[in-house]
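Student: Residue numbers (my numbering), protein chains in the order written: chain A, 200 to 493; chain B, 617 to 1199. Note that beta-carbon positions come from the ideal geometry of N, C-alpha and C, so glycine has one too. Below: one structure in structure tokens.
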Amino acid sequence: MSVSIKEHDYIGLSEANMEKQAYEMIYNNKDLNLKATELRLGLPGSESPEREVVVHGGAIKIMMAGAKRGFSDAINGGSRKWAYAGDGGQEVGSVKHSGQETDVSVSPVPALPERKTQVSAKPNRQISSPAPKQQVVGWPPIRSFRKNTMAVSQTKNEEEGDQKMGSGCLYVKVSMDGAPYLRKVDLEIYSCYLDLSSALEKMFSCFTIGQYGSHGVRTREGLSESRLMDLLHGSEYVLTYEDKDGDWMLVGDVPWDMFIASCKRMRIMKSSDAIGLAPRAMEKCRNRTEADNE
Amino acid sequence: MDPAATGVTVAGTGADPAKTTMFPEEFLKRTFSLINSDKDRNSVSLVCKDWYNVERMSRRHVSIRNCYSVSPEIVTARFPAIRSVTLKGKPRFSDFNLVPDDWGADVQPWLNVFATAYPFLEELRLKRMAVSDESLEFLALNFDDFKALSMLSCEGFSTLGLEAIATHCKNLTELDIQENGIDDLGGDWLSYFPENLTSLEVLNFSTLTSEVSFDALESLVSRCKSLRVLKVNRKINLEQLGKLLVLAPQLIELGTGTFLEELVSGSVNGLENAFSKCGNLVTLSSFWDATLLHLPVVYPVCGNLTFLNLSYANIGPDELEQILSRSKRLVRLWVVDTVGDKGLEAVGSHCPLLEELRVFPVDPFDQQLGVTDSGLVAVSKGCPKLHYILYFCQRMTNAAVITVAQNCPNFTHFRLCIMNPSEPDYLTNEPMDEAFGAIVKTCTKLQRLSVSGLLTDLAFEYIGRYAKNLETLSVAFAGDSDLGMEYVMRGCPKLKRVEIRDCPFGDSALLSGLTQYESMRSLWMSDCNVTMDGCKKLAEEMSWLNVEVIKDEGGDDRLANKVYVYRTVAGPRKDAPPFVVTL
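Here it is in structure tokens:
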């Protein structure tokens, strides 16, 4: 899966000949002189670039093609606003004008391997990785729905089966004994065990036949625990999870924050299978708490 | 013989008045009722007064491609018997955030007039219109025979509006909601369809993001035996999809939900079985979160597919190969560039009947390669019938496009988007002029062209010289001077819609189109070199044009940063917001 790269290394203009230099200036400044229309943020007073139309007759060399508006400005080293894209994944709809003349180089990060090989194939390009992708309003021409959808898909794919902290999504798999498929829940959207348990109940309710009661907020040292009950079968289900160490614990035994930090996946199992979990869980909790207090 | 029929000389024959040709009105009526194409009807209406009158009385469908080119009063006066309306509003670049909110294209004024003039209205298809919940409710309450609502790229409404439609439209056959700026308040709008509504044939809510009541959906699908198009949203999972398929094996088009779950094998078999019973399926779309894990459930129907829309499925070349090797009848294919050039080679190998290909970027701002020139060439080699391409790529070469033009001379729609603005041929560093030159020279049937990459005035000279059938042109970050646009405006007689952004075309270029604007639907120019003076001049010369400037905040007052020019018989807009200035 392609990973969105947020920042790119930029290797500044080389001491190569004027032609190459000019070319790079076009390449890197290509969006500088766009009078991008700020629809949502409404930047008042953004300077519009001088609009000099450069017309050349006869043989047109690409370097002097003037294909960019304000190319002459670039050559003359005029100050340009550098539209810098902070977040590659953002929806196009805003252009960030830095407001001051920014140096072309940006904070170095490892260059993309693909671009490196390109360099050898194209001797004219001295840059080993592309300049930061400038966000221009409405470019490339893709409808908002598609842009938003693709952004979400990317995130989901990256987190498949994994935990990712602090990125706004914390997907873990939840399986239930006897259910035909697994589900995924985003732990980040819940704030406590009660929310989680009611969400899970809703998700898996189709697999328990008949009524089941919502369960007990049984407090144990200030924590809550939930159970799914299948009255028809007379068996009790409990919610368990596998933590970072690979141990299976009862959900509800540790503080919520610790839970979401360590939960790798969850399993709704028959309580008969869950015997022996509780004491270990308590022990672990105690150990951890002690460790934290040191 | 109808006594009311007057003898009228057929125009242009210069016939002796004594030898008039009389067609009884009844005859004309019957004949015209067989003519459905708008274009044909327009031609027919130009023949003579009689024909004009008979035609207008019998027209059932009208397509208004620019809602400001005509007023609802004029439309209803001319065509009294309309049952179906297609209405398009904002300029296309509004899809890409170039048009401010509240620009206009409100559907309500149209509905107000239709309520009295067309009380029997059955179908309304809207594109890029502003639609409010109140308007949807108005529609639902005022048109008892209303059957089909389709909204594409509209905005301003929420699921509350959908509730109104579901509640009151007793004869609804079609509800098609796509890619709209909808306020998805969730709720249960699907449950508002009454139990006795069984007429639904088309239901598409694939781009709604919130959960819908599955029970309501299941019940609806189960009782609507004529359902032929069903496109659900991402909240419907595979297991639920299976249940729906079992209830509706007669479906012709299906949009799946998410493929995210891991089904146990029993369920997979069930799903495959359900698919295998759908002998009529020719279109499959959505495939959210699809992977090779569960893609195979659709294999039983691949052999019949003519349209496969994988543009929301980030699959790779191997997954694509698996599907395509089973889908030999494909005519239209939409994919994401995660399939890469390798995936496109698979397209070339497996889809000899392919006529349309669209390749969308998974992440336009990621510099990783996606698809390139070689993928495009591979497709053109294997798919000689290709006539429609939409291709987003990071890099391209002239040589590749020249080859493509030779392999596929029948292009009617060629839309190439090299995503870096003004990107040259990556091998030669030259402009991409020759690429588009080859396309317009070879593809004489070309109707629609979107250009990109580094382009000089030469590219436009080619377009003006060769693209004689061109109707729609989209240009961005291209050209050297006014000459570029002038070549096009003077050279392409059939232009209907031109949209230009970020090009060095100024007033002279704008005014060069004087002879064209009368026959064109619209012109959009933004971030070019057009001034207010130039616009004023244009407005003075052509009184039947609306020359509108969308003012920016804090921009230079002399510059006309966004110009929208269109022909109209309705005069200047009466509902223009303050930032739209009509000259």
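Please list the terminal residues of the continuous alpha helix (DSSP H) segment that includes B:Thr783.
Tutor: Within the second sequence, the letter at position 167 stands for residue 783 of chain B. Thr775 to His784 is the span of the alpha helix (DSSP H), which, as asked, contains B:Thr783.
Student: Would you mind working out which of A:Asn347, A:Asp456, A:Ala460 and A:Met465 sits nearest A:Leu449, comparing C-alpha positions?
Tutor: One-based indexing of the first sequence puts residue 449 of chain A at position 250. With distances taken between Cα atoms, A:Leu449 lies closest to A:Met465.
Student: Any beta-carbon of chain B closer than 8 Å to the one on A:Ile467?
Tutor: Taking the first residue of the first sequence as position 1, residue 467 of chain A is located at position 268. No, A:Ile467 lies away from the interface with chain B (no Cβ there is under 8 Å from its Cβ).
Student: Are the CB atoms of B:Leu1207 and B:Glu795 nearer to each other than 8 Å?
Tutor: The structure shown does not extend to residue 1207 of chain B, since chain B is modelled only from 617 to 1199, so the question has no answer here.
Student: Name the DSSP bridge partner or partners of B:Gly1122?
Tutor: What you label residue 1122 of chain B is simply residue 506 of the second sequence in a count that begins at 1. B:Asn1145.
Student: Taking CB distances under 8 Å as the criterion, tell me whether A:Val336 reaches chain B.
Tutor: If you number the first sequence from 1, residue 336 of chain A lands on position 137. By this cut-off, A:Val336 is an interface position.
Student: If you check the beta carbons only, do B:Met1048 and B:Cys1009 fall under 8 Å apart?
Tutor: Indexing the second sequence from 1 puts residue 1048 of chain B at position 432. Indexing the second sequence from 1 puts residue 1009 of chain B at position 393. Not closer than 8 Å, so no.
Student: Can you list, in chain order, the stretches of the alpha helix (DSSP H) that have 4 or more residues and sit fully within the stretch 868-926 of chain B?
Tutor: Listed in chain order, the complete alpha helix (DSSP H) runs (minimum 4 residues) inside the stretch 868-926 of chain B are 881-892 and 915-918.
Student: Which residues, taken in chain order from the stretch 1003-1018 of chain B, show a beta carbon closer than 8 Å to some beta carbon of chain A?
Tutor: The stretch 1003-1018 of chain B vs chain A, Cβ under 8 Å: Phe1008.
Student: Suppose you measure from the CA of B:Ser892 to the CA of B:Glu878; what does that come to, to the nearest Å?
Tutor: By 1-based counting over the second sequence, the position of residue 892 of chain B is 276. By 1-based counting over the second sequence, the position of residue 878 of chain B is 262. About 20 Å.
Student: Can you pull the chain B neighbours of A:Leu381, defined as C-beta to C-beta under 8 Å?
Tutor: Counting from one through the first sequence, the residue named residue 381 of chain A turns up at place 182. Glu877 and Glu878, listed in chain order.
Student: Note down, in chain order, every chain A residue with its Cβ under 7 Å from the Cβ of B:Cys1033.
Tutor: Mapped onto the second sequence, residue 1033 of chain B falls at position 417. Per Cβ cutoff of 7 Å: Pro339 and Pro340.
Student: List, in order along the chain, the chain A residues whose C-beta lies closer than 9 Å to that of B:Ser769?
Tutor: Walking along the second sequence from the start, residue 769 of chain B turns up at place 153. Under the 9 Å cutoff, chain A gives Arg342 and Phe344.
Student: B:Thr1044 to B:Ala1021, Cα distance in whole Å?
Tutor: Locating residue 1044 of chain B in the second sequence gives position 428, where the first residue counts as 1. Locating residue 1021 of chain B in the second sequence gives position 405, where the first residue counts as 1. Answer to the nearest angstrom: the Cα atoms are 19 Å apart.
Student: Along the stretch 1086-1109 of chain B, what residues have a CB closer than 9 Å to any CB found in chain A?
Tutor: Cβ contacts with chain A come from Ser1090, Ala1092, Phe1093, Ala1094, Gly1095, Asp1096, Ser1097, Asp1098 and Leu1099.
Student: When you compare each of B:Leu1161, B:Val686, B:Val1146 and B:Val1104 to B:Ser1124 by their alpha carbons, which one comes out closest?
Tutor: Counting from 1 along the second sequence, the entry for residue 1124 of chain B is found at position 508. Out of B:Leu1161, B:Val686, B:Val1146 and B:Val1104, B:Val1146 has the C-alpha closest to the C-alpha of B:Ser1124.
Student: Could you check the C-alpha separation between A:Arg342 and B:Trp950 for me, to the nearest Å?
Tutor: Within the first sequence, the letter at position 143 stands for residue 342 of chain A. Within the second sequence, the letter at position 334 stands for residue 950 of chain B. Cα to Cα, the separation comes out at about 15 Å.
Student: Nearest-angstrom Cα distance between B:Glu961 and A:Thr439?
Tutor: Taking the first residue of the second sequence as 1, we reach residue 961 of chain B at position 345. Taking the first residue of the first sequence as 1, we reach residue 439 of chain A at position 240. The straight-line gap from Cα to Cα measures roughly 47 Å.
Student: Residues of chain B with a CB under 7 Å from the CB of A:Met534: which are they?
Tutor: Only positions 200 to 493 of chain A appear in the structure, and residue 534 of chain A is not among them; the question remains open.
Student: Taking only beta carbons into account, state which residues of the stretch 785-805 of chain B come closer than 9 Å to chain A, listed in chain order.
Tutor: Answer set for the stretch 785-805 of chain B: Gln794, Glu795, Asn796 and Gly797.
Student: Where do the ends of the beta strand (DSSP E) carrying B:Thr1088 lie?
Tutor: As a first step, residue 1088 of chain B must be located in the second sequence, where it is residue number 472. Per DSSP, B:Thr1088 belongs to the beta strand (DSSP E) from Thr1088 to Ala1092.
Student: Excluding the five sequence neighbours on either side, which residues of its own chain have a C-beta within less than 6 Å of the C-beta of B:Val1185, listed in chain order?
Tutor: The residue given as residue 1185 of chain B occupies position 569 in the second sequence. Here the set comprises Val686.
Student: Which runs of the beta strand (DSSP E) at least 3 residues long sit entirely within the stretch 817-848 of chain B? Give them in chain order.
Tutor: As far as the stretch 817-848 of chain B is concerned, its whole beta strand (DSSP E) runs of at least 3 residues are 818-820 and 845-847.
Student: If the cut is a Cβ gap below 8 Å, which residues of chain A does B:Leu580 touch?
Tutor: The question about residue 580 of chain B has no answer, for chain B in this structure spans 617 to 1199.
Student: If you pair each beta-carbon of the stretch 758-772 of chain B with each one of the stretch 728-740 of chain B, do three or more pairs fall below 8 Å?
Tutor: Yes: at least three Cβ pairs fall under 8 Å.
Student: Assuming B:His1029 is part of the alpha helix (DSSP H), what are its boundary residues?
Tutor: As a position in the second sequence, residue 1029 of chain B is number 413, starting the count at 1. First-last for B:His1029: His1029 to Ile1034, but that is the beta strand (DSSP E), not the alpha helix (DSSP H).
Student: Do you know how far the Cα of B:Asn1162 is from the Cα of B:Phe1121?
Tutor: Within the second sequence, the letter at position 505 stands for residue 1121 of chain B. Within the second sequence, the letter at position 546 stands for residue 1162 of chain B. When rounded, the distance between both Cα atoms is 20 Å.
Student: Near B:Leu720, what residues of its chain come up, given a Cβ to Cβ distance below 8 Å and the 5 sequence neighbours on each side ignored?
Tutor: Mapped onto the second sequence, residue 720 of chain B falls at position 104. Residue identity differs from the one stated: residue 720 of chain B is Gly in this sequence, not Leu. Taken in chain order, the residues that qualify are Tyr684, Gly705, Lys706, Ala746, Arg1189, Asp1191, Ala1192, Pro1193 and Val1196.
Student: In chain order, what residues of the stretch 712-738 of chain B put their CB closer than 7 Å to some CB of chain A?
Tutor: Going along the stretch 712-738 of chain B in chain order, one finds Phe712, Asn713, Leu714 and Pro716 with a Cβ nearer than 7 Å to chain A.
Student: Return no unless some Cβ of chain A is closer than 8 Å to the Cβ of B:Pro707.
Tutor: As a first step, residue 707 of chain B must be located in the second sequence, where it is residue number 91. Answer no: the Cβ-Cβ gap between B:Pro707 and chain A never drops below 8 Å.
Student: If we require 3 or more residues per run, which beta strand (DSSP E) segments fall completely within the stretch 1032-1060 of chain B?
Tutor: Qualifying beta strand (DSSP E) stretches: none in this window.
Student: What is the DSSP secondary structure of B:Ile698, reduced to helix, strand or coil?
Tutor: If you number the second sequence from 1, residue 698 of chain B lands on position 82. Here B:Ile698 sits in coil by DSSP.
Student: Taking Cβ-Cβ distances below 7 Å as the criterion, which residues of the stretch 898-932 of chain B are in contact with chain A?
Tutor: So the close ones are Asp905, Tyr928 and Asn930.
Student: Have a look at the DSSP bridge pairing and note the partners of B:Ile793.
Tutor: Taking the second sequence and counting its residues from 1, one reaches residue 793 of chain B at position 177. B:Ile793 is bridged to B:Met767.
Student: Give me the residue from B:Val670, B:His1003, B:Arg1011 and B:Pro968 with the minimum Cα distance to B:Asp982.
Tutor: Residue 982 of chain B sits at position 366 when you count from the first residue of the second sequence. The shortest Cα separation from B:Asp982 among B:Val670, B:His1003, B:Arg1011 and B:Pro968 belongs to B:Arg1011.
Student: Taking the alpha carbon of B:Leu1032 as the point to measure from, which residue in B:Val955, B:Ser1142, B:Thr988 and B:Glu771 has its own alpha carbon closest?
Tutor: Stepping through the second sequence from its first residue, residue 1032 of chain B is reached at position 416. Per the Cα distances, B:Thr988.
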